[in-house]
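A.B. asks:
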């Protein structure tokens, strides 16, 4: 019980810090993260540049803050797409007849059998790289988990007495769905959304690291790691901070999800 | 049980069909001409046109997919456009490395997660538990390619303890293991985290269950109780995850093989996409999807063996 | 020819140079800039628990990608050609200064009208499979190359050869449809390798058979290519090292780590970025020489506003090439203002000033006082172009030209930008061969890959004239005029010529720079 609160607070605090950082990044003039100063390139962390500079003399701290924006944007859009399409699909599968259920769930299973990164890779290959396309690819990958979760929850609730009673009382299918089933699924969906944010940040970083995500000169954490790798001999710190940022962001959203989940369990169980 | 297996097999076949069709369409939609990629920038346009015709690239998509499917059903996966070798031979060349890497990563994950998860479950709220939770949370959040870079920096560049990349060839088993150690560690860390967490949860649930209490009351030593009863009861959840992990491990290998320049399936996939090598990509997709589904299927069967109740429910 | 390679960091690696001027003197073969044991490198050179220490019998090399096969007539891939060079010979070859030298032919004569070439073959030459070379092999080779069914992407360079006579086993007579100034030097290229007569083309892709210093022992795609000394090689005492193990290591950072750890002995084709990392590391020596690799920002001359020559001139004036050389190449390049590298005997220097004020003025005259927006395509296979693109975008922003950077996959670039000419601006490198025609012909209006859509009839006429002129002095004058047209018309912004750089461990020596995109391995030595 105590742990639930710890997770919730720790996760919430990390996410808050990252949101604040991204907001600060947004407030910077747009040229700040891409302004070059080649004579001052590859400086180690020190006064003026707390995290050093990259190969074009761009300030790493500024790029890290502006990069937070890209990571969060991609993760939020992807999660929104997952919710927007996954929930109705799952609900239809759960409420509808056996046949519809079977087809939709086999499809979701099929997508599950395919590694998310590989699927996202193919989608980005078709659409071309870039912030929005990466978000779209990750959104497509996010649909099956939301659909599965919604379906499972709907099936679970459908069997409960009060839902049966509502149906017996003549309430319409869609009425039952909206008034009883979906509200019951809200908690788990929230937990899944938080976990999905973390997962999307990880995959976005991997795609950008492979050069398929966010495009230069805009910074993103994965892309910064990609660029840093060439300099690990002389400037290893370049590869350090973006990795820490990714880990912290994913950790934050995962903890937040866990905390929420524990909180819900307690409420349901208690 | 038979019906259970049959439904699963059918759904697996359907999935394979859908995935290979998707891969086919993807390369169709992608701009880029395999013929000019093979011949290069200075290629005479007529030579490119000739090659396109030879490769059968001028036929309609459906015809080509049908042909590919027909041949694949007969065990013929075609010839790689870039390597000029049979795709099946290429896959066989790459598969052992990826399988060994995946197995080593899984082994590392197990070695870390098993003691940590169990100990955390037994002493819930204790110091070990805290450590277990911390490992589980941080491990799951670290991007494996970053971990790969950091490991490379620490153990291959700063200290020349392990090779930085490249593959020595199967004739030197010792060198193979040391070449795969860092990548397996990078790949296994995240899996270890997820497993630790699951073990901790399922074992502590099992420990609370009646039959363990009964066993203890009967005078069986706590150690034996833990290992014999709890582990079996707790095996199911992690087993499922392990089935799903095969997919994640394979996906992770795409990036990690890239960092360490290892000639495995993961790198072949990336190469096939970027070089528009359709037969090779199709072969990879088929193989990866088959591997993942076989793993899931095996886990389902094991599941049914461990817990007989599932059979009837199937 | 822009050698394309199927891996990152490639352009920097395309180790090609054009004809090196004899006047370059003693250092023409490459300015050795070995550096060792500086304070920056505490990392000890003590090699390696990693790979078992290889015997000095084996040279371990890292190459960035797989070859596409070993058939010399079925590839234009720079990576492959660099390798097959060691398996095959041609009738003629070049020395480090770019002068033609005897290879399989010991002597050659041209008829007065330039339409017949007679070659005397070297005696005592055998293929790797042991059978002796005769004029029949040479005839069969060119027949196969010129047969349209072979689909040799480079065949058009040799199309003036109409027939080949073999009066005796050691004499080859080439009959030409017309005089071609570039032909003899084209015969020194790896694309004119001599194969055995009657060879089954299907086996060549994986089982090459040549007269070169090495032969193929094994190829495991993605893992390595192993070469073995050809026991029948005709030059006594060569090659120096019996086995060459070429590990395939695509990642530039991993290549460096492998070299430092001692699991690799030699790393040819370094990028400037890699060279800057290795400079001063103990136990490592760097050697460099200018290449023939010209980086350009190609302009789609058919699209507004680039139809206006003043806009194109403004782009050229708005780019600070020295910043590109520093930012993208880490100093391992030389700025240029034309489409020939400075080490070509036909190079005519053109001014390439950085003058943003004048650039703005030209844009205003063209009716664009506030600048304009455009898209710059960057092939993602080549990190150096992506870096160059970022530097150029930040510079052109200062004259009001707002560039949106657009990374495109190599396959997409080849088909959309290069093939269909659908782009505004893009950055790419082109690599010359021995004759100036191979680069300059790219801007003629009928050239199939004139993707800049540049049209200038005066220029077309000059290039056609240069190709048929038999007088070197006249050719020099023609090509100087052509280069000045390019500099004024700016069909593309000519940026820089990069350096070839090789890194070797201290015990490796004997590297030779040939002005071709090849790795010359026969003379490499190890202690």
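Residue numbers (this note's numbering), protein chains in the order written: chain A, 174 to 443; chain B, 149 to 462; chain C, 4 to 530.
All residues carry an ideal CB built from backbone N, CA and C; glycine is no exception.
What residues are listed by DSSP as bridge partners for residue 82 of chain C?
C.D. replies: In DSSP, residue 82 of chain C forms no bridge with anything.
A.B. asks: Can you round the beta-carbon distance between residue 374 of chain A and residue 206 of chain A to whole angstroms, since I take them to be within the 8 Å contact cut?
C.D. replies: With 8 Å as the limit, residue 374 of chain A and residue 206 of chain A do not qualify as a contact, their Cβ atoms being about 19 Å apart.
A.B. asks: From residue 273 of chain A to residue 242 of chain B, what distance separates their C-alpha atoms?
C.D. replies: Cα-Cα distance, rounded: 39 Å.
A.B. asks: Identify the contact partners of residue 317 of chain A in chain C, using a Cβ-Cβ distance below 8 Å as the criterion.
C.D. replies: Here the premise fails: no neighbours, minimum Cβ distance about 27 Å.
A.B. asks: Nearest-angstrom Cα distance between residue 448 of chain B and residue 252 of chain B?
C.D. replies: Their Cα atoms are separated by approximately 23 Å.
A.B. asks: Among A:182, A:193, A:405, which one has its Cα closest to the Cα of residue 407 of chain B?
C.D. replies: When only C-alpha atoms are compared, the closest one is A:405.
A.B. asks: Quick one: list the residues of chain A neighbouring residue 228 of chain C, beta-carbon separation under 9 Å, in chain order.
C.D. replies: Within chain A, no residue comes near residue 228 of chain C; the closest Cβ sits about 25 Å away, beyond 9 Å.
A.B. asks: Once the 5 residues before and after residue 149 of chain C are set aside, which same chain residues still bring their CB inside 8 Å of it?
C.D. replies: Around residue 149 of chain C: 155, 158, 161, 162, 164.
A.B. asks: Among C:509, C:529, C:522, whose alpha-carbon lies nearest the alpha-carbon of residue 283 of chain C?
C.D. replies: The shortest C-alpha separation from residue 283 of chain C is found at C:509.
A.B. asks: On the premise that residue 330 of chain A lies in contact with residue 357 of chain A, defined as a C-beta separation below 8 Å, what is that separation, rounded to the nearest angstrom?
C.D. replies: So it is a contact: roughly 5 Å between Cβ atoms.
A.B. asks: Would you say residue 396 of chain B faces chain D, with C-beta separation under 8 Å as the test?
C.D. replies: In the structure shown, chain D does not exist; the protein chains are A, B and C.
A.B. asks: Figure out for me which residue from C:339, C:289, C:362 has the closest Cα to the Cα of residue 321 of chain C.
C.D. replies: Closest option to residue 321 of chain C, Cα to Cα, is C:362.
A.B. asks: Express the C-alpha separation of residue 186 of chain A and residue 253 of chain A in angstroms, rounding to a whole number.
C.D. replies: Rounded to the nearest angstrom, the two C-alpha atoms are 22 Å apart.
A.B. asks: Taking 8 Å as the cut-off, decide whether the C-beta atoms of residue 343 of chain B and residue 258 of chain B are in contact.
C.D. replies: Yes. Within cutoff.
A.B. asks: By Cβ distance, which residues of its chain are closer than 6 Å to residue 41 of chain C, with the 5 residues on each side in sequence left out?
C.D. replies: Confidence at residue 41 of chain C is low in this model, with a pLDDT of 34, below 50, so the placement of that residue is unreliable and no value is reported for it.
A.B. asks: Please tell me whether residue 280 of chain C has its Cβ less than 8 Å away from any Cβ of chain A.
C.D. replies: Residue 280 of chain C counts as touching chain A.
A.B. asks: Looking at residue 261 of chain B and residue 340 of chain B, is the spacing between their C-beta atoms short of 8 Å?
C.D. replies: Yes; because the gap between Cβ atoms is below 8 Å, this pair is in contact.
A.B. asks: Taking the straight line between their C-alpha atoms, what separation do you get for residue 335 of chain B and residue 404 of chain B?
C.D. replies: Computed Cα separation, rounded: 7 Å.
A.B. asks: Could one say the Cβ of residue 253 of chain C lies closer than 8 Å to chain A's Cβ atoms, at least one of them?
C.D. replies: No, residue 253 of chain C lies away from the interface with chain A (no Cβ there is under 8 Å from its Cβ).
A.B. asks: Given 7 Å as the limit, tell me if residue 216 of chain A has its C-beta closer than that to any heavy atom belonging to the ligand NAP.
C.D. replies: The ligand NAP is not part of this structure, which contains no ligands at all.
A.B. asks: Indicate whether at least one CB of chain C lies closer than 8 Å to the CB of residue 209 of chain A.
C.D. replies: Taking Cβ atoms only, chain C reaches closer than 8 Å to residue 209 of chain A, which makes this a yes.
A.B. asks: Span of the beta strand (DSSP E) holding residue 217 of chain C?
C.D. replies: Here the beta strand (DSSP E) through residue 217 of chain C covers 217-223.
A.B. asks: For residue 181 of chain A, I'd like the list of residues in its chain whose CB is within less than 6 Å of its CB, leaving aside the five on either flank, ordered along the chain.
C.D. replies: Around residue 181 of chain A: 432.
A.B. asks: Determine the closest residue to residue 311 of chain A out of A:360, A:262, A:371, with distance taken between C-alpha atoms.
C.D. replies: Considering only alpha carbons, the answer is A:371.
A.B. asks: Here's a check: name, in chain order, each residue in its chain whose Cβ is nearer than 7 Å to the Cβ of residue 383 of chain A, leaving out the five neighbours to either side.
C.D. replies: Result list for residue 383 of chain A: empty, nothing under 7 Å.
A.B. asks: Could you pull the start and end residues of the beta strand (DSSP E) that residue 108 of chain C belongs to?
C.D. replies: Note, residue 108 of chain C: beta strand (DSSP E), 108-113.
A.B. asks: Can you confirm whether residue 217 of chain A, when its beta carbon is compared against all beta carbons of chain C, has any partner nearer than 8 Å?
C.D. replies: Not an interface residue.
A.B. asks: Which of the residues in the stretch 388-410 of chain A, read from start to end, lie with their CB under 7 Å from any CB of chain B?
C.D. replies: Cβ contacts with chain B come from 398, 402, 405, 406, 409.
A.B. asks: Residue 295 of chain C lies in the beta strand (DSSP E); which residues open and close that run?
C.D. replies: That run of the beta strand (DSSP E) goes 287-302.
A.B. asks: Return helix, strand or coil for residue 171 of chain C, following the three-state DSSP convention.
C.D. replies: Three-state DSSP puts residue 171 of chain C in a strand.
A.B. asks: Note down, in chain order, every chain B residue with its Cβ under 7 Å from the Cβ of residue 279 of chain A.
C.D. replies: Ordered by position in chain B, the residues that pass the 7 Å Cβ test against residue 279 of chain A are 159, 162.
A.B. asks: Since residue 3 of chain C is in the alpha helix (DSSP H), which residue starts that stretch and which ends it?
C.D. replies: Outside the shown range of chain C (4 to 530) lies residue 3 of chain C, about which nothing can therefore be said.
A.B. asks: Apart from the five residues on each side of it in sequence, which residues of its chain come closer than 6 Å, Cβ to Cβ, to residue 32 of chain C?
C.D. replies: Any reading at residue 32 of chain C needs caution, since the residue's pLDDT is 33, under 50, leaving its predicted position unreliable; the model's value is listed next. These residues qualify, in order along the chain: 99, 516.
A.B. asks: Look up residue 100 of chain C in the DSSP assignment and say whether it is helix, strand or coil.
C.D. replies: Residue 100 of chain C: coil per DSSP, three-state reduction.
A.B. asks: Counting only Cβ pairs nearer than 9 Å, list the residues of chain C close to residue 229 of chain A.
C.D. replies: Neighbours of residue 229 of chain A on chain C, chain order: 330, 390, 393, 394, 397.
A.B. asks: Which residues in the same chain as residue 507 of chain C place their Cβ atom closer than 6 Å to its Cβ, once the five residues preceding and following it in sequence are excluded?
C.D. replies: So the list reads 269, 288, once near-sequence residues are dropped.
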